[in-house]
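Numbering (our numbering), first residue to last: 114 to 440.
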């Protein structure tokens, strides 16, 4: 079972470990490919496998106007990491003081002295330290001076695409949730509190739960989606609309979920919505009747898609038995 430690300046670990460091937004298949390499290195050395990550995106500290669009929250990230088989997760509060450290000082003072990192696995293009001005060859040299071995990990490529958080964000911004799920290893998840809405859907026979999403999470492209919803301790099929309700001259973007075969009050409760496939673009209809006809078609299509889509709670979060990288 993974142990999670929140770093502070008094922390002193003594057992040598094999570690990697990164933000790990989404804990996608590229990350898990790296973590399998980390675990293999740790097992060869009979040492713990450690992941070092941050409590917030570094750009939130370095750039005051940065508006993060994250693939997951810190809590979701820790939950996903706990299923990968690593032994220890250290969460570093990213502060201006930490950002001011040079790469060498960060390796010496934090990684080596405080966290007992004796082997560091990092990408050839991964950069850390003040101004990110140094690279892999510098890290190898610094490590050699302090008794830390620095190794390069192999990148993960799927279908000719190097899987990364930025690639996944691009897919989501285009509404390509199926491609995003292939890279993530699980359907993209939006969670939030159910709040009161305009009740337009109820009058058309499609009552919806209006979600106030968690702060900082990326909202995919507008449109209608087939979704799986976790509510009341169970999973339900459904469809979700992301958009401004142009048929009714809406302006603000809303997230409205219609749960199939569900009849309960969800106001004030938190639900999770996993986006399985995009059904169509958002568009303005001539009247409510035309929209109702489209929603009936959307519901039929969503049921068809979700009926053939194998899901369980284990696939909403990445499974732990991935022994080989996907082809």
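Backbone N, C-alpha and C fix where the C-beta goes; we use that ideal spot for every residue, glycine too.
If you compare alpha carbons, which of 342, 382, 350 and 202 is closest to residue 420?
When each option's Cα is compared against that of residue 420, the closest is 350.
Would you kindly work out how many angstroms separate the C-alpha atoms of residue 413 and residue 149, rounded to a whole number?
Between residue 413 and residue 149, the C-alpha separation is close to 40 Å.
In the DSSP assignment, find the alpha helix (DSSP H) that holds residue 171 and state where it starts and stops.
Residues 171-175.
Decide if residue 344 is buried, meaning its Cβ has at least 16 other Cβ atoms within 10 Å, or exposed.
With 16 or more other Cβ atoms within 10 Å, it is buried.
My assumption, with CB atoms under 8 Å, is that residue 200 sits in contact with residue 115. Please give the rounded CB distance.
Going by Cβ atoms, the distance from residue 200 to residue 115 rounds to 6 Å, so yes, they are a contact pair.
Between residue 198 and residue 152, which are expected to be in contact by the criterion C-beta below 8 Å, what is the C-beta distance as a whole number of angstroms?
So it is a contact: roughly 6 Å between Cβ atoms.
What number of angstroms, rounded off, separates the C-alpha of residue 374 from the C-alpha of residue 138?
Cα to Cα, residue 374 sits roughly 34 Å from residue 138.
Exposed or buried, which one is residue 202 when buried takes at least 16 other CB atoms within 10 Å?
Result: buried.
If we count the other Cβ atoms within 10 Å of its Cβ and call it buried at 16 or more, is residue 355 buried or exposed?
Buried, by the Cβ-count rule.
Counting C-beta neighbours from all protein chains within 10 Å, is the total for residue 295 16 or more, i.e. buried, or is it exposed?
Buried, by the Cβ-count rule.
In three-state terms, what does DSSP make of residue 272?
Coil at residue 272, not helix or strand.
Rounded to whole angstroms, what is the Cα-Cα separation between residue 241 and residue 221?
Answer to the nearest angstrom: the Cα atoms are 13 Å apart.
Could you tell me how far apart the beta carbons of residue 331 and residue 182 are, in whole angstroms, since I believe they sit closer than 8 Å?
About 4 Å separates the two Cβ atoms, so the contact holds.
Which one of 154, 339 and 327 has the shortest CA to CA distance from residue 418?
Per the Cα distances, 339.
Where does residue 179 sit, in a helix, a strand or coil, going by DSSP?
Coil at residue 179, not helix or strand.
Could you tell me if residue 394 is buried or exposed, where buried requires 16 or more neighbouring beta carbons within 10 angstroms of its beta carbon?
Residue 394 is exposed by the Cβ-count criterion.
Nearest by alpha-carbon distance to residue 416: which of 130, 392 and 325 is it?
With distances taken between Cα atoms, residue 416 lies closest to 392.
Leaving out the 5 sequence neighbours to the left and right, which residues in its chain are closer than 8 Å to residue 262 when beta-carbon positions are compared?
231, 232, 233 and 256, listed in sequence order.
Determine the direct distance from the alpha carbon of residue 136 to that of residue 120, and round the result to whole angstroms.
The straight-line gap from Cα to Cα measures roughly 15 Å.
How long is the line joining the alpha carbons of residue 323 and residue 275, rounded to whole angstroms?
Going from the Cα of residue 323 to the Cα of residue 275 covers about 35 Å.
Going by beta carbon distance, what residues of the same chain come within less than 6 Å of residue 316, once the five residues before and after it are set aside?
The predicted model places residue 316 with a pLDDT of 49, which falls under 50 and marks its position as unreliable; any figure quoted below should be read in that light. Nothing meets the Cβ criterion.
Look at the alpha carbon of residue 130 and the alpha carbon of residue 204, and state the distance between them as a whole number of angstroms.
Their backbone Cα atoms lie some 16 Å apart in a straight line.
Rounded to whole angstroms, what is the Cα-Cα separation between residue 248 and residue 286?
The straight-line gap from Cα to Cα measures roughly 31 Å.
Using a threshold of 7 Å, state whether the C-beta atoms of residue 372 and residue 342 are closer than that.
Yes, the pair counts as a contact, with Cβ atoms nearer than the cut-off.
For residue 316, which three-state DSSP category applies?
Interpretation of residue 316 is limited by its pLDDT of 49, a score under 50 that renders its predicted location unreliable; no figure is taken from the coordinates.
Where residue 127 and residue 190 are concerned, what is the direct C-alpha to C-alpha distance, given to the nearest angstrom?
Between residue 127 and residue 190, the C-alpha separation is close to 26 Å.
Report, in whole angstroms, the separation of the C-beta atoms of residue 320 and residue 388, which I expect to be a contact under 8 Å.
Residue 320 to residue 388, Cβ: 20 Å. No contact.
Residues in its own chain within less than 6 Å of residue 329 by CB, not counting five upstream and five downstream?
Contacts found: 181 and 183.
Nearest-angstrom Cα distance between residue 291 and residue 300?
Roughly 7 Å separates the two Cα atoms.
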